[in-house]
Structures are given as structure tokens and as C-alpha cells.
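Engineer: Can you keep this structure in mind? I'll have questions shortly.
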Amino acid sequence: MLRRRLNRLLGGDERRVDSRTVYVGHRSSPDSEGFIPPKFCDNRIVSSKYTVWNFLPKNLFEQFRRIANFYFLIIFLVQVIVDTPTSPVTSGLPLFFVITVTAIKQGYEDWLRHKADNEVNKYLVTVLEDGQRIRKESEKIKVGDVVEVEEDETFPCDLILLQSSRDDDTCFVTTASLDGESNHKTHYTVPDTEKDLESLSATIECEQPQPDLYKFVGRMHIYKNNQEPIVRSLGPENLLLKGATLKNTQKICGVAVYTGMETKMALNYQGKSQKRSVVEKSINAFLLVYLCILVSKALVCTTLKYVWQGKPGQDEPWYNEKTQREKDTNLYLKMFTDFLSFMVLFNFIIPVSMYVTVEMQKFLGSFFITWDKDFFDNEIKEGALVNTSDLNEELGQVEYVFTDKTGTLTQNNMEFIECCIDGFQYKHRDASSELDGFCVTDGPVSKLQQKAGREKEELFLRALCLCHTVQVKESTEPCLDQVDGLNNQVDGLGIDGDGLGIDGALSHLEEQRGFIASSPDEIALVKGAMRYGFTFLGLESKTMKILNRNNDVERYELLHVLNFDPVRRRMSVIVRSSSGDTLLFCKGADSSIFPRVRQEEVERIRLHVERNATEGYRTLCVAYKLLSAGEYAQADAGLREARLALQDREEKLMAVYNQVETGMSLIGATAVEDRLQEEAAETMEALQGAGMKVWVLTGDKMETAKSTCYACRLFQKSTELLELTVRTLDDENRRREEKLHDLLLDYHKKAVQDAPPVKEGVTRSWSSSQDYGFIVDGASLSMILNSSSDSSNSRYKNLFLQICQNCTAVLCCRMAPLQKAQIVKMVKNSKGSPITLSIGDGANDVSMILEAHVGIGIKGKEGRQAVRNSDYAIPKLKHLKKLLLAHGHLYYVRIAHLVQYFFYKNLCFILPQFLYQFFCGYSQQPLYDAAYLTMYNICFTSMPILAYSLLEQHICIEVLLDNATLYREIAKNAMLRWRPFLYWTVLGLFHGLLFFFGVWYLFYNPALQDNGQVFGNWSYGTIVFTVLVFTVTLKLALDTRHWTWINHFVIWGSLAFYVFFSFFWGGIIWPFLSQQRLYFVFANMLSSVSAWLVIILLILLSLLPEILLVVFRKPRGPHSRQKELVDSRVGGLQSPRSSARPLLMRTFSDESSTVI
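This is the structure:
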């Protein structure tokens, strides 16, 4: 195990088995015998779920896995097979409707995925075969093919760069669709490859496909004229990833090493799975309870039927003799069919129409998000988008928010703010501080008119112009004549030759120069130097050119770039000036630069750096060193040797870097601002106030991400940061796993064991205990998730998770896309199964968006992959606040009330039918007419609850947004727990008993009509049904706080429609009916004063508890509830007695007069 892990990390071991050999251009090497080309997967990408052949069986299987669908299918089959009291149509039609609508919806979504796959797979690419350029479809690329890619094209698979059109054998790519970074990254060709690729004979040995975007280990054997093969090491700088885009390079050629579903992008893709909301899970739980009630009723009635028939004369009375066939029927078979018949008769207690209503509510409700004008963004001229309407209510249950940084929290737009040279501050001139282009706020007043020496200033600005990997765009790079013209323009802008004068008109010059770099802060520093008179003109054939303040072009030969490293946290360049001096310029974090310079220089700069850091700026310190010929020769030899190493390459490079970056002189420091998204800090504060925990998952560097967390107020000044990164795990005396174990235990003791318990509803601003923030990087996370032993793995995971859950905010940096999904999955599957939400704007966020319960895409600058794969898409981060605190809150309350109300009204509906069996000899005689059975859920009671579930606002949106703590009242599925479910069930039992026995008491008087005629069983059922329809509808009216004309129309319209239908249905002789059970029954019923009296009386008695609470409760103003909520939460604290009953048990009495 250890050897395999080392081989995978270091590469180059001849005996390792987890590697692949690629023959460039499918040409065998001279030393290979009997060449057999290896087989690898093709280049097809498949993200779809169904095919034409498996759609119907697979989709039906998935749909009938839902308890409700399977139950209704069984009931439908029973009605078809067994002679039951109701028609199969009553169950079959709603089931067919739900199945068909869901299948069409899922089929359409999968068709869109097929369409997107075909666009990628059928895309034409250029492949070099036998010296010819051949156009072929992307899906036909094989491992070993030499592929040509032109500027602005996307790489069709993972390629090793062999040839570039640039003179310096480099190319630039953007990986926005992979890691979210829109900056240009530099990649290098393999040294010593033939210019004519047709004559190139080479093999590549590399690791098997793995998802880490930042790791690649391999080597290339180049064969030339029967000589010993040249071996060149391959690293991430030689690998071009599928999904990345070629920039600022006319064309490149590369050999395919990973194709199709083995590319790093595909390995980081998390398959789209069916997401189910917590409400749907609650419905299934309630459904099982009502299913048990249904079975119990059927068993009781079946048992009592045969007990009753066991009495003499009851089984076969003289007026109803059995046929011979009935006498010959097996007793147990007859008992079973009777049981099934009772199941069908009481089947309406399971609300099939609820599923149709819930689907309609979700579908129609999603339009309110789309139509919300507050979500419209004037920049992109777009609003919110709903891709999945099934999760509307889940927006009101979020406990963890996982957010990307670049493009989500920040605009990814760096701006140079100020710099400090030799202890003197130079700030961009503005209205508040203007003093010859500089101001000194941290130094003594006597130094106000002083500034650093000219030599120091120019050395600092040269460092900014040289210490970077910035490139000037070829299309806009001016020739020397143009430079002179620009110089004159710069002169005219009033650049002070003596000082560092700045003028805003320089921005015009910046616009004319296009810069590309791997990091946006590098561009900001180069542009900052331009403002002070030093302009970077570009890199040509290892020569860097800068234009100084005297309009002279200075040339420096670029000898080495010591790349940025998350452990070193600095980068350096070694250049040679035209005078022959060899200089090392270094810039990096203060913690990595200060120990490597003279301490007397540090004190002059430290104050500025600390002040800038507290203001949320990204700070970098700049140092330099003059290298002697001997020092450079030693460094040059060490760097070349380390870069050719196949094993321990990173460690050897690190040793040389640390050796050369010592004894430097500190020149100054810079402050750069990474602008936050609009209202990002306020949004994060609101989410935390609502009880959500925010985790930042980013592929960016730790320093950058940490400063963003401070700017977003996720980390406060008082927050103690617990760091678990490669830097903290580095210990010369101990193994990393031992150090990891000790750190986890230490942090666990500090953040979990020693921390006082946090009371519910108390935000951190009111908590006296220490706040902790947790920082972890991708490498450390890999050690936690992929520990060598299963026991350690589980223990590390548990410790890590407990630490994270006890921190106010968590920052995960240098994360691969799949690691983001792993983090979300780990939290999602933790104790309590908390509801998770992921939000991001790039394709690197797709995996975590798909993994979370709710995925939010931001319509940003990084393409639309995140938007296409998300459940909801919004233009800006600030819109997340309203989406969760207002829309999410209201959607959850609405659908929770809908679900509870449906179970309640169906219990009221079927309980009298059950009680009726005790009075009809358990003969399965229906109490209600078939028309009433069918129309009750479809027409008479469906529209009012649908309107309520779409329009209800128990608290107005402004109050919900102003008081984030209101979100906590509905947290953890509060309105669909067993207590409110029991409340609604008891209410349904009470109403059902009242309806049946109230009418039964009326029927004690046999003569209810003036002419002495008696009412029959259909009149009895009709009176019960009338009381039922009016009571459940008026109950909903009493629960409604937010009245619109639509509510009035559907509530009073439904009652009017019931009366009209009853007159119409019973007033005409219908020729297609074999039995006219209700002929003039309704009209006769209403002719009786006693019937009128009992209907009105029973409705009032049913609603009396609600009405009494309204009458005797203290009167309130129209917005008194909202005012009470505001007053009770001043400062973020909620009074334990602020509400008489929790929201989940509220009825009309709590907020009867609240009209919004």
C-alpha cells in the first residue's frame, strides 16, 4: 500500500503497475517488439440518464419506487380485479395523470442532456495523421492521437503539449470551466521534441487517470537516430486539460493521454441524481401512518362483519338468500375479497389528489421566483431561473451553505490601492488625502512631507514590473514607435519626475494595454506600477522590457521563475540587467518574507502591512537580492537538476528555492483589493443570523481566501483561526499523519470539548464564548478522507466534522472540484442529515452543486455550466438572501400547511364512511354518492388549498428580510413533525365524529319533512357531505392571513359550485346512469328546516374553538404580529414567551387580523 501511494505521488518507478504507456501518433518505439496498441476508452462524454430503449421501464421503475405511486397502482389493480363498491376510474385517472406528467418532465430534462452531450461529442477537431490535417468528430479521438487546437478553442481531451506557435514554446490557457479561475495560466512544451511532429518517435509513461486537477506525474522517452532515448519529466505544466480554453496563442499541438470519461474534467463530474425534498420524505412517513389506519379500519370492518353474520339469521336473511355460487365460495377467499373491498371503500383516506396538487403548487409556485423583480439584474438583463421546481420548500430548510469564492463572494476584479516604500506610504490621490501623490498616515507628523529616496522608489517599481508571470496580449502589444507615442501621452499626463504623481487619466493608457496572467492580483500590481510611471511592455524571447519614468526602455533577461507555492507563499524571478547585474526579486506574504530579510527593515514596513490587512486588503511584501556570479551559478545548477528529477521533484525544487531566497533586502509592500460582490457581507451576516453555517470552498490560495472571509465578516477580528494545511503539517521530526492526528485532537479539545454549549437562537454576537474559524486545504483534506487505514479514516473524519460543526465559519482552500463534492457529501450524511445548499458560478462548482440538497448557480462571468446544472440560478450573490429568507420561508410554510390540511380533510371525509358501516351491517354500502366521492378532492376542496399554497404570506416579506432569526422558527422541518401531525389528525377525528353523530342525532326524528316523508340513506350522506365541504373550506378561510381576490374567488366559488352541482346533478335524469341515487335528494334536503338547522349548527360547532379564540383574544392591529416579532428580536435575541404557540401549531387565532 505504501509503495503504491509513493509511486502515485512521485512517479518514475519502473515496477509500478498503475501507469499507462501512450505511443505518440500511434508509432511504436524502436525498442518495442511486436507492437500491440493498448486499448483505452473513446472520447465520448455521457451525462444523460436514459436511452430510447430503457426510458420507459427505467422511468416507471423509479416512479413506482415512491410509496404513494405503488400504493395507488395496487388499489387500481384491486378495483379492476375484485368487485368493489367504487369504479377503477376513481384511482386510475389521477395515477395516470401524475405518472404521465412526471415522465414527460424527466424525459424532457434528459433530452436536453443528450443534446448537450451531442454538441460536445460531434464537435469537429483537427487531428494530425500521416502528415495530414484531418477533421474528425471529437468523440473519435483516441489516446495517442496528435491533436491541433487553435486560439479560443476548447481542448477536446487531456493533452501533453508538444508544440506551440509562440517563440518561447509556451501557451496560455484559461481554466474557468474547471477551477473557476478566469486568469491565464502558462503551460510549457516538452523540451527536445521535434519541430516536425511527423518524424517524432516517442512514448509517454504516465499515471492512470485520477481527478486531482493540480497533479500529474509522467515522463516522455524521445527516440532519435538509434541513440539512447532522451527522457524528459512531465508535470502539470505540460498537461492541457479538457474544458480549458487556449488563449493568446495562435495554435498548439498535443498528444491525447486521457480521453472521454477518463479526463480529469469527467472524473470531477458528479452525476445528476434525483433530489428529494424533506417534505416528500415527511409525506411518505405520514402516508405510512394513514396506511396503517386504513388497514386497521378494513380489518375491523371485515372482522365485525363475520362476527355479525355469525349470529343466527344475520348471514342469510329471508329477504336476501344466497346464490349457489356464493354458498360454494371458499370462506377465507371471501374474507380476503371483503377485506380488499373495504380497503377500496376507505381508500380515499390516502389523498391521491394531494400529489397532483403538490406538483401543481411546486410548478406554479416556481414562477413567483422567476417573476420577482428584485432578482432582475440590469447588467446582464436577466432575472432568476428555476431549473428544478421540486425543491422550492427546501429553500426554507437550509442549515449549511457551501459557497465558492472567486466570482461568487468576490467580483474577481483586483484593484491596486496603495503601496509602502521604505516605510513611507504612497496612496492613490483622492479627495480625503492629497499631498503630491503620496500621504504618510502611519509615520510621525514631521515626516509628512518626506518620501523614500528616488533610488528606492525605482527599485520597488522595477520589482513590481519584473516579479510576475504577466504577459501582454499579442494583438494589442505596441511596437516601439507606438511606445514613444504613448510616452509622450504619459508625459502629458503630468507624471512628476521627482515624485510619484498619479492622475486618473492614466486609466486610458491601461485600457490600451491588455494583460494576461495566472492571478488577477499580478495584473493589479503591474497596473499599479503603471500609475507611478513604470510600464511593463512584455516578454519577448526571455527578455522583459519595461518603460521607466524617463521614457527609456529597460531590458532584462529572464533567467528563472521560482513559481508561487502554497507552502512557501511567495514567488521570485531571477533576471540579468543590461549592465550585467544578476538580481532576484521576490514577493509574497509577510509571514514568508519577513524571516528572510534584515529585521531592522521589517519594523518600518510591518505597521503598514498590519493596517492594510485589518482593512481587508490583500498584502504582499517585496524584497530583492543582488546575486554574485558564484551564487547564481550554484542556484542555476540546482534548479536545472531539480526540474529534471523524476522523483522528489517538488522537494528538490523547494530546497533550491529556500536556499536562494535568503539574505534579501526588504523594499516595501503593496495593498490590493479584491472587490466583494455587491452586499456580500450583508448577505453572509443574514445567513448566519438565520442559523445557517457558511463554508467557503475555493480552489484559490489560502491568503486570498482568508482575506475574503474577513471582508465578508465570516471571520471577525476576535475569531481564533484553527489552521490545518500543508504548512502546519510540515514537521521535519515527525510524519505528516502523526502531526495531523495531534492537530485534530488539539483542535477538537479547543473547539468542541472545552467550548461551552451554545444555546439555540443565540447568535455569536451575543455569545460570550470564543469564536473559532477553521481553515483546511485540499492536501490535508485528502489525508483525512483517504487515510491508509479504515479505522483512522473514520476517526479523522469524525474529529474533522465535529471541529467544523463547532466553528462559526469554515474555509477550505486549494480544493479540487471533486473534493468540494466530498465535503458537501460528508456534511450531508452526518448525524441529523442537515439540509445543504451549494452556490457557485463556474463549472468547477458543478460537482458540489449536484451533490447538495439545493444547488444554486450564479449567472456570472465563468460560463453557464453552473447555471445549467443548478436547481436555481440567480444573477448575484445578494439575491440569495431573499431567495432563502423570504421565498424559502413562505414556500415551506405553504406546502407544510397544504400537506397537513390534505390529510386532515380526507380523514374528515372517510371517518363518517367508516362509522356508517356499523349501521349498515358492514355491507360496504357507500355513505356518499359516487359523484361526491370523485369530485370531493378534484373540484370541491382542491382550488382553495391550491390558492392558499401559492399566495399565503403569514408574515410579510419585508419583515422576513429584516429579521433573519424568523427563519429559525421553521428550521428542521418544524411544521411537519409528529406533534403538528397529531394535532391535525385529532382535529380530523373530532370533526368526523361531530359530522356523523350530529346528523345521526337529527335523524332520531323520523319525520323531517312537512309532508311526513322520511329521509333515506342518501339524504343522510348528503347532509354529512354538505357539512363536511363547508367546514373544511371555512377552516382554510380562517387559516388564511393574506387575502387576495383569488382567495375570495376560489373559496366562495368552490362552495357555490358545490351547491350548484348538487342541484344540477340531482335535478336531471341522466340517461347514462343505471342508478340515479341523488335524484332531487339535495333539493328535498334543503326543504327541511331541521336540515338547515343541523347544517349550520354543526359547521359552527366544528369551528367553535377557532372562533372562540378569535373573540376572546386581545384585539390586534393589522401589522401587530410583525411589530411583535420585530420587538421581540431586537438585537437578535428572541424572547422564549414571544409567541403563545409555535408557528407549526398556529391557527387563525394567532394572526387573525394580519392582512398583508
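My numbering numbers the first residue of the sequence shown as 60 and each following residue consecutively.
Glycine included, every Cβ here is placed at the ideal spot set by N, Cα and C.
For clarity, every value in this text was computed on a predicted model and none was experimentally measured.
#1: Which value, in whole angstroms, describes the spacing of the CA atoms of Gly820 and His1101?
#2: For a quick check, are the C-beta atoms of Tyr981 and Cys360 less than 8 Å apart?
#3: On the three-pair Cβ rule with 8 Å, is the stretch 947-960 touching the stretch 416-432?
#4: Assuming Ala583 contacts Met473 under a Cβ cut-off of 8 Å, what Cβ separation, rounded to an integer in Å, is found between them?
#5: According to the neighbour-count rule (16 or more other Cβ atoms, all chains shown, within 10 Å of its Cβ), is Glu741 buried or exposed?
#6: Can you confirm whether the stretch 280-294 touches the stretch 166-184 when touching is taken to mean that 3 or more C-beta pairs between the two stretches lie within less than 8 Å?
#7: Is it a yes or a no for the stretch 863-874 touching the stretch 258-269, going by three-plus beta-carbon pairs under 8 Å?
#8: Of the residues Lys244, Tyr317 and Ser260, which one's Cα is nearest the Cα of Glu296?
#9: Evaluate Pro1039 with the Cβ neighbour count: other Cβ atoms within 10 Å of its Cβ, from every protein chain shown; 16 or more gives buried, anything less gives exposed.
#10: Any contact between the stretch 891-903 and the stretch 338-355? By contact I mean 3 or more CB pairs, one from each, below 8 Å.
#11: Looking only at C-alpha atoms, which of Ile428, Lys201, Leu171 and Val83 sits nearest to Tyr109?
#12: Please report the Cβ distance between Ala175 and Tyr931, rounded to the nearest whole angstrom; I am assuming they are in contact, meaning their Cβ atoms lie under 8 Å.
#13: Check Leu468 in the structure and name its three-state DSSP category.
#14: Is the CB-CB distance between His246 and Leu299 below 8 Å?
#15: Tell me whether the beta-carbon of Phe1054 lies closer than 8 Å to the beta-carbon of Val1018.
#16: Measuring alpha carbon to alpha carbon, tell me which of Gly916, Leu698 and Glu452 ends up nearest Ala714.
#17: Using 10 angstroms around the beta-carbon of Pro579, count the other beta-carbons present and answer buried if the total reaches 16, otherwise exposed.
#18: Would Phe461 pass as a contact of Val883 if the rule is Cβ separation under 8 Å?
#19: Please classify Asn717 as buried or exposed, where buried requires at least 16 other C-beta atoms within 10 Å of its C-beta.
#20: Among Ile997, Gly1112 and Val1140, which one has its Cα closest to the Cα of Met413?
#21: Grouping DSSP H, G and I as helix and E and B as strand, with all else coil, what is Trp754?
#22: Taking the alpha-carbon of Arg590 as reference, which of Val531, Tyr485 and Met603 has the nearest alpha-carbon?
#23: Can you tell me which of the three DSSP states Ser78 falls into?
#24: I'd like the list of long-range same chain contacts for Gly277, defined as Cβ closer than 7 Å, with 5 residues on each side in sequence excluded.
#25: May I ask you to verify whether the stretch 650-668 touches the stretch 741-754, counting CB pairs closer than 8 Å and requiring at least 3?
#26: Would you mind sorting Arg629 into buried or exposed? The rule is 16 or more other CB atoms within 10 Å of its CB.
#27: Let me check understanding here. Comparing Cα to Cα, which of Ser336, Ala162, Ile575 and Lys254 lies closest to Phe120?
#28: Throw me the rounded Cβ distance for the Ile726 and Ile480 pair, which I believe falls under 8 Å.
#29: Rounded to whole angstroms, how far is the Cβ of Asp271 from the Cβ of Glu198, which I believe are closer than 8 Å?
#30: Using alpha carbons as the reference points, say which of Tyr995, Ile1110, Asn903 and Val719 lies closest to Phe961.
#31: Would you decide whether Thr362 is buried or exposed? Buried here means 16 or more other CB atoms lie within 10 Å of its CB.
#32: Less than 7 Å between C-beta atoms, sequence neighbours within five positions excluded: which residues of the same chain meet that for Cys103?
#33: Considering only their Cβ atoms, is the gap separating Ser839 from Leu783 smaller than 8 Å?
#34: If you follow the beta strand (DSSP E) that Met603 is in, where does it begin and where does it stop?
#35: Indicate whether Ile898 and Leu939 have their beta-carbon atoms separated by less than 8 Å.
#36: By Cβ distance, which residues of its chain are closer than 7 Å to Ser78, with the 5 residues on each side in sequence left out?
Structural biologist: Walking through what the data contain:
#1: At Gly820 the pLDDT is 42, less than 50, meaning the model places this residue with poor confidence; the figure from the coordinates comes in the next sentence. About 27 Å.
#2: yes
#3: yes
#4: 4 Å
#5: exposed
#6: no
#7: no
#8: Lys244
#9: buried
#10: no
#11: Leu171
#12: At roughly 19 Å, the Cβ-Cβ gap does not stay under 8 Å, so Ala175 and Tyr931 are not in contact.
#13: coil
#14: yes
#15: no
#16: Leu698
#17: buried
#18: yes
#19: exposed
#20: Ile997
#21: strand
#22: Tyr485
#23: strand
#24: Gly70, Ile263, Glu264, Cys265, Glu266 and Leu293
#25: no
#26: buried
#27: Ala162
#28: 7 Å
#29: In fact, because the Cβ distance is near 25 Å, the residues do not count as touching under 8 Å.
#30: Tyr995
#31: exposed
#32: Note on residue identity: the sequence assigns Arg, not Cys, to residue 103. Closer than 7 Å at the Cβ level, and outside the excluded window around Arg103, lie Asn180, Glu198 and Gly319.
#33: yes
#34: Thr602 to Leu606
#35: yes
#36: Glu264, Cys265, Glu266 and Gln267
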